[in-house]
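Here the structure comes first, spelled out in C-alpha cells, and everything after it is commentary.
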Amino acid sequence: MPLEPYPTRLTAWGRYPHADGLEVKAEDLAQGTLRAALCRGLGRSYGDSSLPAVEDDVVVDTTLADRILSFDEPTGILRAEAGLSLLELNRLLLRRGWFTPVSPGTQHVTLGGMVASDVHGKNHHVDGCFGEHVTGLRLRVADGRIVDCSDHNEPELFRATIGGMGLTGHILEVEFPMRKIPTPWIWRESKRMPHLDAMIGGLKGAAGEWPMTVGWLDCLARGKRLGRGILIKGRWATADEAPRKPPRFKGSLRIPFAFPNFLLNRFSMKAFNVLYYRKHFKRIKCGIEHPRSFFYPLDALDNWNLIYGRRGFAQYQCVLPHADDNGPARRFLELFASEGAAFLCVIKDCGPEGKGMISFPRPGISIAMDFPIHKKKTQGFVDRLNEMILHEGGRLYLTKDTFTRPEHFRAMEPRLEAFGAVRRKWDPQRKLRSAQSVRLLGDTI
Amino acid sequence: MNVALLGATKGMGRALARLMAGRGDRIFLLGHVPEETERSAGDLEIRGAQRPVKTALCDLLRPETFCNALDRAEEELGGLDAVVVTAGLFGTQEQLEEDPDWAGRVLLANYANTVLFCEEARKRLLAGGGGTLCVFSSVAGDRGRKPVILYGSAKAGLSHYLEGLDHKFRAAGLTTICVKPGFVKTGMTAGLKPPPFAGEPAGVARRVLKAIDRGSPMIYVPWQWRWVMCIIRCLPRFVMRKINF
C-alpha cells in the first residue's frame, strides 16, 4: 500500500497558529519520511515548531512508530522508534523500577520530540537535558540516506540534532540509558516562599541536596510579594518510605469543548493564583507522592489547553543569567506582572549548558509562563519581553515560541552560525523546514 | 495461550499482540516483511511476551507461504491455541475503481487468500483438539454501501465464511470469532475523516481479547457499531441509494 500524503490542518498545543499542509501517518517511519519536510510527534510544542511552512510540505505524524526495539536490563540501554511516547514508556517500565534520565513536565511527548526539543526537567541542575543522555540516533537526512549518529559517529550532526527542532534530519530511532530507581514513588517536600529572593535562594539552596526542584510562581503578585510561590523539591523514595504497592496507573479527565474566551480573564487568573498559593496552608509540607502528580501535574486534565478558549494561548520561556541581587528575574517578572496576566508560571534554576548545539538551557534562572492570545496586544508584549531578555543576556526556548521576531532571535543566539553550517552541509537545499524555521531562521518558502 | 498472529506488525493487530504480550502469552508472528516482524517481536518481548518471540514469512498474496508458516508456528509454540488474522489490504472506493490491479489484490488478499489461510489454520487447530480462530472482517461487509463496494464485498464473503465455519466446527472444539471493526483510527484509515464512534486500536484490542477469552462468535468494535449496522441493515434500498454512507 503506497503512503499517500493527505491534506490536513494542523495546530500545536497553544492552538495558535493553524497551518495547512500534507500529512503522512504510518507505522513505517523510514518510508513515511522519504518525501517529508518535517516530523511531528504528539504536537506538544506550543507554537509553530511542528507546523508545515507551506501547504505542500509533508509533515509525518510519528506516533504510530512506537516500538521498543531493545532493552538491556543490566545496563538499562533502551532503543526505540521515535514515535514512542513517554506515557507508554512509563506505563511499561516505571513499575519495573526504570525511569528516563530526564523527564519534561508532560508525558504526552514522543522520544523524537524529546530529542528535537532537548527537553529538560526538574533535575536539570544535576542531570542536564535529555540530549546529554542520548547515546545514539538514527536519522533520515535530507538527501534520503539513513545515518546513525552519536558522539563518535558524525558528532556534529548529532549535536545539531539534539535540540535542533527536527531541522537536521528526521529522527527515526533513539537510544539512551534508562535509569534504575529505588522505588517508583516520590518523596516530596514543598515550601511556601514569600517573595522572589526567597524563591531563588530556595532553589539554589536545595540544588545541593535535592535531585529535583522546581518553583511555582504567583505571577500576578506585585510589590513586596513579587515572585512569591511554592518551592517543590523531590527525590525518589527509598524502599522503607514508599508504599509496598507500585503506583496505580492514573486515568485523566477530558474537557469536552473549548471554554468560552471570557472565562479566563485577569480576575479568574488572579483568583486561581491566590487560591493555589493559599491552599498551601502549612509553610512546609512533605510526604510520599504519586510520580504522575509530581512530574506531570497538568496531565490529570487531558486537554487543558482548551481552558484558554478558541483564541488559543502562547507560552513564553526564557532563561536569565544569575545575578547576586536576582535583578534580571525581578525586572522580567515586574514587566510581566505590569502587562500580562498568566495562568501558570514556573521557575527553575538551570545547570550547565549541554551538548545540543542550539539547546535552550544555560546556567541561570528559567521562567516559563502562559497567557491567552490577544490579537492586538500579544505581538507587542512578546517584543518587549524579548528586548528585555536581549538586554539581560538571556535566551529563549524555541519549543514554546510563537511570536518572536527573527532579528531578536538572531541577536540572542550567536550559536546559530554553527547550527546553520551543519544544516548547509546536510541539507543544502533546505528541504527540511517548519513554519518556525521560516519565521526565525531565514528558511525560504 | 499459544497464539500465532498474521498482520500484528501494524494497527489493531499490533495493539492486540501487545495486550497478549502484557499478560504473558506465547506469541508467534507471521508477516510478509521479515524485518518488520522481527522488530515487532523485540517490542513484544519487552512488553512481557514469553521469550523468544519467533517469526515466519507469510504473505497473504502468496498462498504457497501459508502451510510452511503455520507449521513453523505450531512447531515453535509446541501446539496452537489460537490463530489471529488482522492482515488485509485496503483502498478507498475511488482508488480501487481507478486501479484494477490494486482492486484485484484487495479482493484476492481479503477474501480468497484469507479463506485459504483460515482453512490451513482450521485443520491444524482441529487436529490439535480445537482452539480459537479469530479473524478481522469489517462492518463494510454487512451491507452493500457506496463508499466500500469492492472492499466491502470481499469482507462480506469473509464474514459469511467465518459464520459457516463457526456453525460447523464449534461442536468439534473450534471457536471461530468474526471481528467487525467500524472506523478505527489506524494507519490504514489515516487521512479519512473519522465518523462518530471512531475507535482507537487499544480499545478495540481490549474488546477483542475479551471476545477471544469468552468465545463470542461475532463482535462489533467499537460496540456502538453493532447498533449503527443494525439500523443500516434495516434500511430499504431506495434509502441506501440516496445516502452516501
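Those protein sequence lines, which keep their order, are chains A and B. Going by the numbering used here, the first residue of the first sequence is number 5, and it counts up by one from there. Going by the numbering used here, the first residue of the second sequence is number 1045, and it counts up by one from there. C-beta: ideal position from N, C-alpha, C; glycine also. Computed from a predicted structure; not experimentally measured.
Nearest to residue i by CA position, among the options, is which residue?
i, options, result
"A:I449", "A:P56, A:P367 and A:E179", "A:P56"
"A:M373", "A:N330, A:Y401, A:G384 and A:E357", "A:Y401"
"B:A1246", "B:G1173, B:V1265 and B:L1202", "B:V1265"
"A:S74", "B:C1278, B:I1090 and B:R1189", "B:I1090"
"A:F103", "A:T79, A:S121 and A:G117", "A:T79"
"A:A202", "A:Y320, A:R334, A:L38 and A:E8", "A:R334"
"B:D1087", "B:K1199, B:V1179, B:L1101 and B:G1066", "B:G1066"
"A:P260", "A:E160, A:D306 and A:V58", "A:D306"
"A:R19", "A:L171, A:G368 and A:N309", "A:N309"
"A:T217", "A:K208, A:S89, A:L224 and A:C223", "A:K208"
"B:L1073", "B:L1114, B:V1179, B:K1212 and B:R1166", "B:L1114"
"B:L1152", "B:V1228, B:F1282, B:Q1137 and B:L1202", "B:L1202"
"A:A120", "A:F364, A:L268 and A:G231", "A:F364"
"A:G116", "A:T66, A:H129 and A:E338", "A:T66"
"B:E1142", "B:G1173, B:L1194, B:N1157 and B:L1101", "B:L1194"
"A:R192", "A:A275, A:I175, A:P264 and A:I292", "A:I292"
For residue i, count neighbouring C-beta atoms within 10 Å of its own C-beta (all shown protein chains included) and say buried if the count is 16 or more, exposed if not.
i, result
"A:G316", "buried"
"B:W1271", "exposed"
"B:I1275", "exposed"
"B:W1267", "exposed"
"A:H22", "exposed"
"A:D447", "buried"
"A:A243", "exposed"
"B:K1237", "exposed"
"A:N330", "buried"
"A:M5", "Only weak support is given to the placement of A:M5: the predicted model assigns it a pLDDT of 49, under 50, and the question is left unresolved by the model."
"A:D328", "exposed"
"A:E421", "exposed"
"A:S342", "exposed"
"B:L1279", "exposed"
"A:L279", "exposed"
"B:A1171", "exposed"
"A:Y71", "The sequence shown places Arg at residue 71 of chain A, rather than the Tyr named in the question. Buried, since its Cβ has 16 or more Cβ neighbours within 10 Å."
"A:F423", "buried"
"A:F299", "buried"
"B:V1128", "buried"
"A:P188", "buried"
"A:L221", "buried"
Check for me: the alpha helix (DSSP H) holding residue i runs from which residue to which?
i, result
"A:F298", "P295 to F299"
"A:L141", "That residue, A:L141, is in no alpha helix (DSSP H); its beta strand (DSSP E) goes G140 to R144."
"A:D353", "Segment C349 to C354 is the beta strand (DSSP E) holding A:D353; no alpha helix (DSSP H) there."
"B:Q1137", "Q1137 to E1142"
"A:V442", "A439 to L444"
"B:Q1268", "Q1268 to C1278"
"B:M1284", "R1281 to K1286"
"B:L1206", "I1193 to F1213"
"A:P332", "G331 to E343"
"A:M273", "R270 to K283"
Over the uninterrupted beta strand (DSSP E) stretch that includes residue i, give me the two end residues.
i, result
"B:F1072", "R1070 to G1075"
"B:L1253", "Note, B:L1253: premise wrong, no beta strand (DSSP E); alpha helix (DSSP H) at P1245 to R1258."
"A:F317", "F317 to L324"
"B:L1218", "L1218 to P1225"
"B:N1046", "N1046 to L1050"
"A:G238", "G233 to W240"
"B:V1265", "M1262 to V1265"
Mind checking whether the beta-carbon of residue i lies closer than 7 Å to any heavy atom of the ligand ADP?
i, result
"A:D306", "Absence of the ligand ADP is noted for the structure shown, with no ligands found whatsoever."
For the stretch 1076 to 1105 of chain B, which residues have a CB atom closer than 7 Å to at least one CB atom of chain A, in sequence order?
For the stretch 1076 to 1105 of chain B, which is checked against every Cβ of chain A, the residues closer than 7 Å are R1083, S1084, G1086, D1087, I1090 and R1091.
Tell me the start and end of each unbroken beta strand (DSSP E) in the stretch 364 to 419 of chain A that is at least 3 residues and wholly inside, in chain order.
Segments of the beta strand (DSSP E) lying fully in the stretch 364 to 419 of chain A: 368 to 376.
Which parts of the stretch 13 to 92 of chain A are runs of the alpha helix (DSSP H), unbroken and 4 residues or longer, counting only runs that do not cross its ends?
Taking only runs of at least 4 residues, the alpha helix (DSSP H) segments lying wholly in the stretch 13 to 92 of chain A are 33 to 36.
Short of 8 Å Cβ to Cβ, which residues in the stretch 23 to 34 of chain A face chain B?
Within the stretch 23 to 34 of chain A, the qualifying residues are E27, V28, K29, A30, E31 and D32.
Suppose only complete runs of 3+ residues qualify. What are the beta strand (DSSP E) ranges in the stretch 97 to 162 of chain A, listed by chain order?
As far as the stretch 97 to 162 of chain A is concerned, its whole beta strand (DSSP E) runs of at least 3 residues are 140 to 144 and 150 to 153.
Could you list the residues in the stretch 1051 to 1072 of chain B with a C-beta less than 8 Å from some C-beta on chain A, going in chain order?
Taking a C-beta cut-off of 8 Å against chain A, the contacting residues of the stretch 1051 to 1072 of chain B are T1053, K1054, G1055 and R1058, listed in chain order.
Continuous beta strand (DSSP E) assignments of at least 3 residues falling wholly in the stretch 180 to 217 of chain A:
DSSP runs (the beta strand (DSSP E)) wholly in the stretch 180 to 217 of chain A: 190 to 197.
Taking a Cβ distance cut-off of 7 Å, strictly less, list which residues of the stretch 1219 to 1236 of chain B are near chain A, in chain order.
Those residues of the stretch 1219 to 1236 of chain B that come within reach of chain A (Cβ to Cβ, closer than 7 Å) are G1231, A1234 and G1235.
Residues of the stretch 45 to 76 of chain A whose Cβ lies closer than 9 Å to any Cβ of chain B, in chain order
So the list reads D65, L68, D70, R71, I72, L73, S74 and F75, given in the order they occur along the chain.
Alpha helix (DSSP H) segments (min. 4 residues) lying fully within the stretch 1055 to 1134 of chain B:
For the stretch 1055 to 1134 of chain B, whole alpha helix (DSSP H) runs of length 4 or above, ordered along the chain, are 1055 to 1066, 1078 to 1090 and 1110 to 1121.
Closer than 8 Å, Cβ to Cβ, to anything on chain B: give me those residues from the stretch 95 to 117 of chain A, in chain order.
Listed by position along the chain: L96.
Length-filtered (3 minimum) beta strand (DSSP E) runs lying within the stretch 1157 to 1181 of chain B
The stretch 1157 to 1181 of chain B contains these whole beta strand (DSSP E) runs: 1175 to 1180.
Taking a cut of 8 Å between CB atoms, which residues from the stretch 271 to 283 of chain A lie near chain B?
Within the stretch 271 to 283 of chain A, no residue qualifies.
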